[in-house]
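Colleague: First to last, the sequence lines map onto chains Y and Z.
Quick note on the working numbering: the first sequence kicks off at 1449 and runs consecutively.
Quick note on the working numbering: the second sequence kicks off at 163 and runs consecutively.
Please read through the structure below; I'll follow up with questions.
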Amino acid sequence: MTSAPRQEVGFRHEAFFYADRDQFLAGTVPFVEAGIEAGETVLVGLPATKRGLLQREVDPDSPRLHFLSMEEAGRNPGRLISTWREFLHGQEDGGGIRGLGETIWPGRPSAEIDECQRHERLLNLAFGGGPAWTLMCPYDASALSDDILDAAQHSHAETIPNGLLEGSLPSPPNGATFGMDFGKSDLRDVRQLVAERAGTAGLDIRRTEDLVLAACEVATNSIQHGGGEGALRIWYEDGKLVCDISDAGRITDPLVGRERPPIDRPSGRGLWIANQLCDLVQIRSGETGTQVRLQMGVIEP
Amino acid sequence: MRAHGCIDSGSHLGTDGHACWIFDQQQEFVDAALEYLTDGLRAEQRIAYVGSEPVEEQRELLAPLGDVGGLIDNGALQLFELTDLYEVGEPVDADVQVATYLAAADAAIADGYTGLRVAAQVTDLVAEPRTREAHVRWESIADRYCTTHPLSAFCGYQRGALPEQLLGDLAAVHPASNEGHPGVPFHLFSDSGNVALSGEVDFFSAPDFGRLLELACEGGAEVSLDLTELDFIDHHGLARLAAHTQRLSAAGGCAVHNPPPVVDRLCDLLELKL
């Protein structure tokens, strides 16, 4: 038996490489205008300079065109799937949607780029098989490395991504790392240690509270689902406080924490909350256990 | 705000205080009760001691107060055996107890005192499992009267005689207790016409929190919950809180005051309404 070739319907995820300003506009302006002309609603998520370029070339007052700051919305790319999902839900009665999303730009720290690359692959999993819409992802080919551009080619072509939770996170840098093992009686100590390190690093009250809550939610997951215990390590690195929580459990859903949990489902909220509150969340899980790393900048980026 | 949280002595609880003192040895309770009652004498309150032991023994226990005989004779000190005030072994009738204590507080005022301060070692009242739920509720009700009447109380429970779960519940419905973490992470108590929540609620305390919230914050009349002193709540706790306020919205309502900003953010994230 042979199977028929797959029809290209549903979610289309396209990488678009540009070498300069003119190429950027030559690719993105027609994409946006074609969507508006077709009666679609268009959501554009770009970093500030690119947003400015595009806004001057299209009708910024079109009610069908929405812009968002990718520095903000995509600061933690773990939030973006639910952003696109909500956009999709909001347009269910309309004439279709399309999106433009540039998450990987030159100069982003490598940990963020790694998460953006995982996000790009997860998009296929999250939206493949669902309603038809197109997301175009611009890449600055003049400034990004060949490795990143190769990965982008691959991530936009694959239909069934796997190994999305695999890999290891770099060891903490040499220097002061604080830590503790925790079990079910120790959540209060976990919160105290995180709050104390956040205070020393100079996070304000809001960022401290958010990080304490996120760390507690993740540590609770370790106790609930990760074998009843876990280990917390916490350190300061490049203007950020990093909380690393590991346990012996295994996560199998690569989309964990990326979709808003249904109101009637009691579980799956901890990592979603962490993604909403932290500047970056990195999740790795395999045979040896699960590692969740939370980053919070000392100052809001 | 009333004295609340974790305490390590019977002193400085104020004239509207209500504390839970969990002890292993009888003398530990007596020592703290002496501190508590001494403050009462200083504040010109009538002081009272309630315990399972005969009154003659109570006189000896309280000897450090000074001239116990003289204090009793002039009405500054009253001693009661548990059976004088309660039907030991039966679930407490809160209405009867409220009437008894308010009459005693009124009498103290009529006799020229500033109020009534009671140290009560009431372990035997909750020895029977069937008395326990009503008793925790009674403590919560009594707490409200400590804020509206010239009445304060220092309640002793012996650890070895009672299950940890019950001790946790009892401590949680007093504003102050000597059991810190991890036994009693939060307190639910009356303050300025509100129910105040202090301390921390996480995954492990959320079930107790939900249960005691229902008990301390009943529907029927309008209830207000003040979160000023809430130090931490995770999404498990917040879900319990939201479920409770939603349930009460049909029965008089439950207004939530002064949520910490992180609570507002978490509500937004989870689309929860308080």
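Here a beta-carbon is modelled for each residue, glycine too, at the ideal position from N, C-alpha and C.
These numbers were taken from a predicted model, which means no experiment stands behind them.
Considering only residues of the same chain and omitting the five flanking positions on each side of V1740(Y), which have a CB-CB separation below 6 angstroms?
Modeller: Taking the first sequence and counting its residues from 1, the one referred to as residue 1740(Y) is at position 292. Taken in chain order, the residues that qualify are V1666, I1693, I1731.
Colleague: Give me the subset of the stretch 303 to 329 of chain Z whose CB atoms are less than 8 angstroms from a CB atom of chain Y, sorted by chain position.
Modeller: Those would be none; no residue qualifies.
Colleague: Flag this pair as yes or no: are the beta carbons of V1746(Y) and G1687(Y) separated by less than 7 angstroms?
Modeller: Along the first sequence, one-based indexing puts residue 1746(Y) at 298. Along the first sequence, one-based indexing puts residue 1687(Y) at 239. Yes, they are a contact pair.
Colleague: Near V1480(Y), what residues of its chain come up, given a Cβ to Cβ distance below 6 angstroms and the 5 sequence neighbours on each side ignored?
Modeller: As a first step, residue 1480(Y) must be located in the first sequence, where it is residue number 32. Taken in chain order, the residues that qualify are V1490, V1506.
Colleague: Using the Cα positions of H166(Z) and A338(Z), report the straight-line distance between them to the nearest angstrom.
Modeller: As a working note, residue 166(Z) is residue 4 in the second sequence. As a working note, residue 338(Z) is residue 176 in the second sequence. Distance between the alpha carbons of H166(Z) and A338(Z): 4 angstroms.
Colleague: Along the chain, where does the alpha helix (DSSP H) that runs through G1446(Y) open and close?
Modeller: Since the first and last residues shown for chain Y are 1449 and 1749, residue 1446(Y) lies out of range.
Colleague: Quick check on DSSP: helix, strand or coil for A165(Z)?
Modeller: Sequence index remark: in the second sequence, residue 165(Z) carries index 3 (1-based). Residue state, collapsed to three classes: coil.
Colleague: Is it buried or exposed for D1588(Y), if we count other Cβ within 10 angstroms and need 16 for buried?
Modeller: Walking along the first sequence from the start, residue 1588(Y) turns up at place 140. Classification of D1588(Y): buried, given that the 10 Å Cβ count is 16 or more.
Colleague: Taking the CB atoms as reference points, tell me whether P1709(Y) and W1720(Y) lie closer together than 7 angstroms.
Modeller: Here residue 1709(Y) refers to the residue found at position 261 of the first sequence. Here residue 1720(Y) refers to the residue found at position 272 of the first sequence. Yes, the Cβ-Cβ distance between P1709(Y) and W1720(Y) is below 7 angstroms.
Colleague: Identify every residue that forms a DSSP beta bridge with P1586(Y).
Modeller: By 1-based counting over the first sequence, the position of residue 1586(Y) is 138. According to DSSP, which records beta bridges pairwise, P1586(Y) is partnered with F1464(Y).
Colleague: Quick check on DSSP: helix, strand or coil for Y198(Z)?
Modeller: Within the second sequence, residue 198(Z) is the residue found at index 36, counting from 1. Correct three-state label for Y198(Z): helix.
Colleague: Under 8 angstroms Cβ to Cβ from A131(Z), same chain only, skipping five residues before and after it: list those, please.
Modeller: Nothing in the structure corresponds to residue 131(Z), since chain Z is present only between 163 and 436.
Colleague: Roughly how many angstroms separate the alpha carbons of A256(Z) and E380(Z), rounded to a whole number?
Modeller: On the second sequence, position 94 is the one that residue 256(Z) refers to. On the second sequence, position 218 is the one that residue 380(Z) refers to. Between A256(Z) and E380(Z), the C-alpha separation is close to 15 angstroms.
Colleague: Establish whether the CB of L1617(Y) and some CB of chain Z are separated by less than 7 angstroms.
Modeller: On the first sequence, position 169 is the one that residue 1617(Y) refers to. It does not: the Cβ of L1617(Y) has no partner Cβ on chain Z nearer than 7 angstroms.
Colleague: CB L374(Z) to CB L359(Z), shorter than 7 angstroms?
Modeller: The count along the second sequence starts at 1 and reaches residue 374(Z) at position 212. The count along the second sequence starts at 1 and reaches residue 359(Z) at position 197. No, the Cβ-Cβ distance between L374(Z) and L359(Z) is not below 7 angstroms.
Colleague: Hey, would you say R1395(Y) sits closer than 7 angstroms to F1515(Y), going by beta carbons?
Modeller: Since the first residue shown for chain Y is 1449 and the last is 1749, residue 1395(Y) is missing from the structure and cannot be characterised.
Colleague: Ends of the beta strand (DSSP E) at E243(Z)?
Modeller: Translated into the one-based positions of the second sequence, residue 243(Z) becomes position 81. Its beta strand (DSSP E) spans residues 239 to 243.
Colleague: Who are V1490(Y)'s beta bridge partners in DSSP?
Modeller: On the first sequence, residue 1490(Y) is found 42 positions in, with the first residue counted as 1. In DSSP, V1490(Y) forms a bridge with L1513(Y), R1546(Y).
Colleague: Name the one or two DSSP bridge partners that M1518(Y) has.
Modeller: Along the first sequence, one-based indexing puts residue 1518(Y) at 70. In the DSSP output, where bridge partners are listed per residue, M1518(Y) has none listed.
Colleague: Take E391(Z) as the anchor and find which of L332(Z), F366(Z), G232(Z), N420(Z) has the nearest alpha-carbon.
Modeller: Taking the second sequence and counting its residues from 1, the one referred to as residue 391(Z) is at position 229. Ranking the options by Cα distance to E391(Z), first place goes to N420(Z).
Colleague: Which residue marks the beginning of the alpha helix (DSSP H) containing W1553(Y), and which one marks its end?
Modeller: Position 105 of the first sequence, counted from the start, is the residue given in the question as residue 1553(Y). Note, W1553(Y): premise wrong, no alpha helix (DSSP H); not H, not E.
Colleague: What are the boundary residues of the alpha helix (DSSP H) that includes A336(Z)?
Modeller: Sequence index remark: in the second sequence, residue 336(Z) carries index 174 (1-based). Here residue 336(Z) turns out to be His, not Ala, going by the sequence shown. It is not in any alpha helix (DSSP H) - H336(Z) carries neither H nor E in the DSSP assignment.
Colleague: Taking the C-alpha atoms as reference points, what is the distance between Q1455(Y) and F1575(Y)?
Modeller: Numbered from 1 along the first sequence, position 7 holds the residue referred to as residue 1455(Y). Numbered from 1 along the first sequence, position 127 holds the residue referred to as residue 1575(Y). Because Q1455(Y) sits at a pLDDT of 48, beneath the cut-off of 50, its placement in the model cannot be relied upon, and the following sentence gives the value as read from the coordinates. Using only the alpha carbons, I get a separation of about 15 angstroms.
Colleague: Considering just the uninterrupted stretch of the beta strand (DSSP E) at N356(Z), what are its terminal residues?
Modeller: Counting from 1 along the second sequence, the entry for residue 356(Z) is found at position 194. 356 to 363 is the extent of the beta strand (DSSP E) around N356(Z).
Colleague: Excluding the 5 residues preceding and the 5 following E290(Z) in the sequence, name in chain order all residues of the same chain whose CB lies nearer than 6 angstroms to its CB.
Modeller: Looking up residue 290(Z) in the second sequence gives position 128. For E290(Z), where only same-chain residues beyond five positions count, the Cβ hits under 6 angstroms are G251.
Colleague: I'd like the ranges of any alpha helix (DSSP H) spanning at least 4 consecutive residues and lying wholly in the stretch 1567 to 1637 of chain Y.
Modeller: 1594 to 1605, all fully within the stretch 1567 to 1637 of chain Y.
Colleague: Count the other C-beta atoms from every protein chain shown that fall within 10 angstroms of the C-beta of I1768(Y), then say buried if there are 16 or more, exposed otherwise.
Modeller: Summary: the structure shown does not reach residue 1768(Y), with chain Y confined to residues 1449 through 1749, and so no result is reported for it.
Colleague: With a threshold of 7 angstroms between beta carbons, is L431(Z) in contact with chain Y?
Modeller: As a first step, residue 431(Z) is located in the second sequence; it is residue number 269 there, counting from the start. It does; some Cβ of chain Y falls within 7 angstroms.
Colleague: Are the beta-carbon atoms belonging to V298(Z) and V335(Z) less than 7 angstroms from one another?
Modeller: As a first step, residue 298(Z) is located in the second sequence; it is residue number 136 there, counting from the start. As a first step, residue 335(Z) is located in the second sequence; it is residue number 173 there, counting from the start. Against a cut-off of 7 angstroms, the Cβ pair of V335(Z) and V298(Z) comes out as a contact.
Colleague: Consult DSSP for V346(Z) and reduce its assignment to one of helix, strand or coil.
Modeller: Counting from one through the second sequence, the residue named residue 346(Z) turns up at place 184. Three-state DSSP puts V346(Z) in coil, outside helix and strand.
Colleague: Looking at F242(Z): is its Cβ nearer than 7 angstroms to the Cβ of V288(Z)?
Modeller: Counted from its first residue, the second sequence places residue 242(Z) at position 80. Counted from its first residue, the second sequence places residue 288(Z) at position 126. Taking 7 angstroms as the Cβ cut-off, F242(Z) and V288(Z) do not qualify as a contacting pair.
Colleague: Under 8 angstroms, CB to CB, which of the residues in the stretch 1664 to 1681 of chain Y have a partner in chain Z?
Modeller: Within the stretch 1664 to 1681 of chain Y, the qualifying residues are C1664, E1665, T1668, I1671, Q1672.
Colleague: Is DSSP giving V1729(Y) helix, strand or coil here?
Modeller: The residue you call residue 1729(Y) lines up with position 281 of the first sequence. It is a strand residue.
Colleague: In terms of alpha-carbon separation, which member of R1655(Y), N1524(Y), P1508(Y), S1616(Y) lies closest to E1560(Y)?
Modeller: In the first sequence, residue 1560(Y) corresponds to position 112, counting from 1. Comparing Cα positions, the closest option is N1524(Y).
Colleague: Of all the options W183(Z), L278(Z), E219(Z), H397(Z), which has the alpha carbon lying nearest to the alpha carbon of L203(Z)?
Modeller: Residue 203(Z) sits at position 41 when you count from the first residue of the second sequence. Of the candidates W183(Z), L278(Z), E219(Z), H397(Z), the one whose C-alpha sits nearest the C-alpha of L203(Z) is L278(Z).
Colleague: Report the rounded CA-to-CA distance for A238(Z) versus D201(Z), giving the unit in angstroms.
Modeller: As a position in the second sequence, residue 238(Z) is number 76, starting the count at 1. As a position in the second sequence, residue 201(Z) is number 39, starting the count at 1. Rounded to the nearest angstrom, the two C-alpha atoms are 13 angstroms apart.
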